[in-house]
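Take a look at the structure set out below.
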Amino acid sequence: MKRRHLLGACAGVTSLLGGCVSRVQVPTEDDPARRRSNPVNRGDLVRPQDDSLRRVSDLPLVSLKRAPAPPEGEPQPAESPSNGGELTVTDEYWRNRTHVTAYSIDGVEVEVYPDQPVGDSDVGKLYVALMEYPRQQVIAEGTSERFQRSQRRQSITVDFDLSTAPRNERLQYVVFLLPGDADIDSVDPGRTEFVMETDPFVVYSGEERIRRAPTGEEPGESTGSRYSRTPIEGAYLLRIGGRTAGRDWDLNLLVFKSAHEESWRRSRGRARHEYVTVELVNGAANELATLLYEEAGSNGANGENARVEFAVDVVQSLPYAPDSVTAGFDDYTKFILETLVDGGNDCEDTAILLASVLEASAFNKDAVLIQPPGHMAVGVWGPELEGYKYHHEGRTYTYIETTNPGWSIGDAPEAYQGERAEIHQV
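Quick note on my numbering: the sequence shown kicks off at 219 and runs consecutively.
Here it is in structure tokens:
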């Protein structure tokens, strides 16, 4: 399948097929292409920051992290029953891990396991923030007493008083593990561990209890041969499986629900290459790239090109809606957490994801989006790379297909070979 050609990419605008456009238009209210209700600018969702409160940007929040394999059996989604206004966490995944076990209007209870997660201090403490959902203004915060982490499993409670918390608005608790000698104001982010966040909840007017507050649009459970998604408290547990250089691998991720909702609430009126810029500046590109770079090394892909091939294989293993690499794309472009979690991706979604990862500091590659008629792929610069290539602004970029497994770096579908293409620098 390897074919080595040089194709001069057209610098001007070419006629594109398959309904593709060079700039995304925000779908109208009655447009069936609209995937989410009310896709508005994030600035419309954030209240003016109260200067007396901690800023969300000051907290070492993460969008996703590696998830160790479940301790036993397969994870199953579980309802968290309510008992007298207290919500409990019963997901199988969280068993035998440090996690929130219950939360209410009065506080948060966390079960802490010895030396889990791993830290650099034998003494720890918990910091808990109450925030507007998703990841908006900090409303209240609390810190536990110091505790010995090497002791047996123990339950730690951080008290809250939500009597003055906003009513009828979605809220969430987020939990961090800190070294016992540090506080949230001065701790090095590298010494903290983002334990988890809760699902959104509401305190209704006239009530002294909390109730769950899902949007009704959260993705449910999905199971496939290469990809599975299980909603658990505060996160989506993803399993992505594939094969690189003759070696099978499984990647387990936690994508936190509030970060995912932040993504789909962003405005859509931007050029596609600008999605990559947003992810590199404000999104999850650097977190995901670092995780994939390290995971590649753990699976024997130690050279730079081998790590890129691993990242390509991960992206190709994600659910892809069309059953053909020649299918076009629609007017709803996804940010990368949506692509990871939602499924039903098309070529532009997976291309934006891979370009974001390769441009991030962990990989530090020069990537472009390649747009032949009716399609989108990625190009990566590297003189040593072989395969189908495009010229752009004095550099030669090797074609990468992102849609389905089996396409190596440099492999290009025959339908696009010899076709003119737009090249978008990211």
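Cβ coordinates follow ideal geometry from the N, Cα and C atoms, glycine included.
To which residues of the same chain is residue i closer than 6 Å at the C-beta, ignoring the five residues directly before and after it?
i      : result
Cys565 : Phe547, His593, Met594, Thr621
Asp584 : Trp599
Asp541 : Only weak support exists for where Asp541 lies, its pLDDT of 45 falling under 50; the coordinates are left without a value.
His491 : Leu587, His642, Val644
Glu411 : Pro335, Leu395
Val405 : Leu396
Pro278 : Pro407, Thr410
Excluding sequence positions up to five away, which residues of its chain have a Cβ less than 8 Å from the Cβ of residue i?
i      : result
Thr316 : Val328, Glu329, Val330, Tyr331, Gln334, Pro335, Leu395, Val413
Ala503 : Val494, Glu497, Ile554, Ser574, Val575, Glu577, Ala578
Glu359 : Arg272, Tyr345, Val346, Ala347, Leu348, Ile402
Leu654 : Missing from the structure shown is residue 654; the chain here goes from 219 to 644 and no further.
Leu572 : Ala529, Val530, Val533, Ala585, Val596, Ile618, Thr620
Glu415 : Gln390, Tyr391, Val392, Val393, Gly452, Ala453, Phe474, Lys475, Ser476
Arg364 : Val341, Gly342, Lys343, Gly398
Arg370 : Pro332
Leu509 : Leu282, Lys283, Arg284, Leu471
What residues are listed by DSSP as bridge partners for residue i?
i      : result
Asp466 : Arg461
Gly343 : It is worth fixing the name first, because residue 343 is Lys in this sequence and not Gly. Paired residues: Leu396.
Ala453 : Ile450, Phe474
Phe412 : Phe394
Ser440 : Arg447
His642 : Leu587
Glu327 : Ala320, Thr375
Arg429 : Val420
Arg272 : The partner list for Arg272 (beta bridge, DSSP) is empty, contrary to what the question assumes.
Gln334 : Tyr331
Arg284 : Leu471
Tyr311 : Answer by DSSP bridge pairing: none, since Tyr311 is not bridged.
Tyr538 : Asn563
Look at the alpha carbon of residue i and the alpha carbon of residue j, and state the distance between them as a whole number of angstroms.
i      : j      : result
Val264 : Asp417 : Per-residue confidence for Val264 stands at a pLDDT of 39, beneath the threshold of 50, marking its modelled position as unreliable; the derived number appears in the next sentence. Spanning the two alpha carbons is a distance of roughly 19 Å.
Lys475 : Pro437 : 10 Å
Trp312 : Ala285 : 11 Å
Ile374 : Thr306 : 15 Å
Trp467 : Val421 : 43 Å
Arg427 : Arg461 : 48 Å
Ala507 : Asn517 : 15 Å
Asp399 : Val341 : 8 Å
Gly636 : Leu536 : 28 Å
Val530 : Ala514 : 11 Å
His702 : Glu619 : In this structure the chain extends from 219 to 644, so residue 702 is not present and cannot be described.
Gly434 : Ala639 : 40 Å
Ala519 : Phe528 : 7 Å
Gly408 : Glu505 : 13 Å
Arg429 : Glu387 : 11 Å
Asp567 : Ser368 : 44 Å
Tyr351 : Asn582 : 33 Å
His610 : Val644 : 12 Å
Gly624 : Pro631 : 11 Å
Ala463 : Val274 : 42 Å
Glu479 : Arg486 : 14 Å
Asn563 : Pro601 : 31 Å
Ile357 : Pro591 : 49 Å
Arg253 : Gly459 : Because Arg253 sits at a pLDDT of 43, beneath the cut-off of 50, its placement in the model cannot be relied upon, and the following sentence gives the value as read from the coordinates. Distance between the alpha carbons of Arg253 and Gly459 is about 26 Å.
Val318 : Tyr550 : 35 Å
Glu310 : Leu471 : 15 Å
Asp276 : Ser443 : 40 Å
Leu282 : Gln372 : 26 Å
Ala580 : Thr382 : 44 Å
Ala539 : Ala431 : 29 Å
Arg465 : Val376 : 45 Å
Gly612 : Gln589 : 18 Å
Could you tell me which of the options sits nearest to residue i, measuring between CA atoms?
i      : options                        : result
Leu456 : Thr462, Ser446, Gly464, Arg465 : Ser446
Val645 : Arg364, Asp379, Asp560, Arg385 : The structure shown does not extend to residue 645, since the chain is modelled only from 219 to 644, so the question has no answer here.
Ser362 : Val326, Gln369, Glu350, Arg385 : Val326
Thr557 : Glu527, Pro631, Tyr454, Glu304 : Tyr454
Gly605 : Gly597, Glu611, Val586         : Gly597
Ser481 : Pro397, Asn500, Ala569         : Asn500
Leu469 : Glu492, Tyr538, Glu512, Ala477 : Glu512
Val424 : Ser404, Arg385, Glu451         : First, the amino acid is wrong: residue 424 is Gly here, not Val. Nearest of Ser404, Arg385, Glu451 to Gly424, Cα basis: Arg385.
Tyr321 : Asn314, Gly303, Arg490, Asp338 : Gly303
Gln366 : Ser281, Asp324, Gly337         : Gly337
Phe378 : Asp324, Arg488, Phe419, Arg370 : Asp324
Leu380 : Arg370, Arg353, Phe419         : Phe419
Who are the near neighbours of residue i in its chain, counting only those whose CB is closer than 7 Å to its CB and skipping five residues on each side?
i      : result
Ser162 : With the chain covering only 219 through 644, there is no way to say anything about residue 162.
Glu290 : Reliability fails at Glu290, whose pLDDT of 48 lies under 50, so the model's placement of it is uncertain and the value that follows must be treated cautiously. Contacts found: none.
Ala569 : Leu587, Met594, Ala595, Val596, Thr620
Say the cut is 8 Å; is the CB of residue i nearer than that to a heavy atom of the ligand ADP?
i      : result
Ala573 : This structure lacks the ligand ADP, and indeed carries no ligand of any kind.
Complete beta strand (DSSP E) runs within the region 345-387 (minimum length 3 residues, chain order): 356-361, 372-377
Sequence ranges, alpha helix (DSSP H) only - wholly within the region 564-620, length at least 4: 565-577
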